[in-house]
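>
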Amino acid sequence: MQEISAELRRHAYLLGGLLAIMWGTALVNFLLFQNRLLLYGIRPLSITGLRGILFAPFLHAGLGHLMSNTIPFAVLGWLIMARSIEDFVIVSLVTMGVAGLGTWLLGGAGTLHVGASGVVFGYLGYLLLRGYFERSLGAIVLAVGVGVLYGGLLWGVLPTVPGISWQGHLFGFIGGGLAARLLAKSGG
Numbered sequence: 000m001q002e003i004s005a006e007l008r009r010h011a012y013l014l015g016g017l018l019a020i021m022w023g024t025a026l027v028n029f030l031l032f033q034n035r036l037l038l039y040g041i042r043p044l045s046i047t048g049l050r051g052i053l054f055a056p057f058l059h060a061g062l063g064h065l066m067s068n069t070i071p072f073a074v075l076g077w078l079i080m081a082r083s084i085e086d087f088v089i090v091s092l093v094t095m096g097v098a099g100l101g102t103w104l105l106g107g108a109g110t111l112h113v114g115a116s117g118v119v120f121g122y123l124g125y126l127l128l129r130g131y132f133e134r135s136l137g138a139i140v141l142a143v144g145v146g147v148l149y150g151g152l153l154w155g156v157l158p159t160v161p162g163i164s165w166q167g168h169l170f171g172f173i174g175g176g177l178a179a180r181l182l183a184k185s186g187g
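Counting in numbering that gives the first Met the number 0, the sequence shown runs from 0 upward without gaps.
(1) Indicate the three-state DSSP secondary structure (helix, strand or coil) for H59 in the structure shown.
(2) I'd like the list of long-range same chain contacts for H10, defined as Cβ closer than 8 Å, with 5 residues on each side in sequence excluded.
(3) Have a look at A5 and T110 and give me their C-alpha separation to the nearest angstrom.
(4) Using a 10 Å radius around the Cβ and a threshold of 16 neighbouring Cβ atoms, would you call P56 buried or exposed?
(5) Output the boundary residues of the alpha helix (DSSP H) element that contains F87.
(6) What does DSSP give as the partner residue(s) for S41 in the beta ladder?
(7) Taking the C-alpha atoms as reference points, what is the distance between L104 and P43?
(8) Quick one: what's got a C-beta closer than 6 Å to F120's C-beta in the same chain, skipping five residues either side?
(9) By the three-class DSSP mapping on this structure, what secondary structure does A178 have?
(10) Any idea what DSSP makes of A73, helix, strand or coil?
(11) At a cut of 8 Å, does the segment 127-135 reach the segment 60-76 through at least three beta carbon pairs?
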């Protein structure tokens, strides 16, 4: 029981720490920098815009934007972390890289992309596709459950709402699928 408690504390510290960075950055950005930190987001096809691959997931265009990413980031992130913290770190890094680079390559000229939604879509892609790649009962049941709860998000990979980075969503999902393939363990 102590092992489980210690593991859950590690999960809470890691997820809570990342969310604290997002919220702290948002508050500092809004209160002290009048949103100028958003310039560190992804700027497609701009050399300086490449830095946004690292910074964009921690920057948000407003409180509503941040709040809409917080719960799915925590829930989906924890579902990945429940398997292993190492998987969570790998999925997060692969997703950030693929979502960021895809957005940088295909985002509209003169646009700016910020937010953790690319990572959220990566978590969704990982959890949905892990069942396919592993073919284990547990992974399939988890994929179905995640699909029921969060499957509606998949519409976000389409260019339906102006001003929303569907590129980040699409490439985040692809990054999550790539991570699922890379981390797949043989089913049983």
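The C-beta atom is built at its ideal place from N, Cα and C for all residues, glycine as well.
On the basis of the supplied data:
(1) Coil.
(2) Answer for H10: W77, M80, A81, I84, listed in chain order.
(3) Near 43 Å, if we compare the C-alpha coordinates of T110 and A5.
(4) Burial of P56 is indicated by the presence of at least 16 other C-beta atoms within 10 angstroms of its C-beta.
(5) Under the DSSP assignment, F87 falls in the alpha helix (DSSP H) whose first and last residues are 84-105.
(6) Inspection of the sequence shows that residue 41 is occupied by Ile rather than by Ser. Per DSSP, H112.
(7) So the alpha carbons of these two residues sit roughly 6 Å apart.
(8) Within the same chain, Cβ atoms closer than 6 Å to the Cβ of F120 are found at H168, G171, F172, the five residues on either side in sequence being excluded.
(9) Secondary structure of A178 (DSSP, three-state): helix.
(10) Looking at A73 - three-state DSSP - the assignment turns out to be helix.
(11) Contact between the segment 127-135 and the segment 60-76 is absent, because fewer than three Cβ pairs lie under 8 Å.
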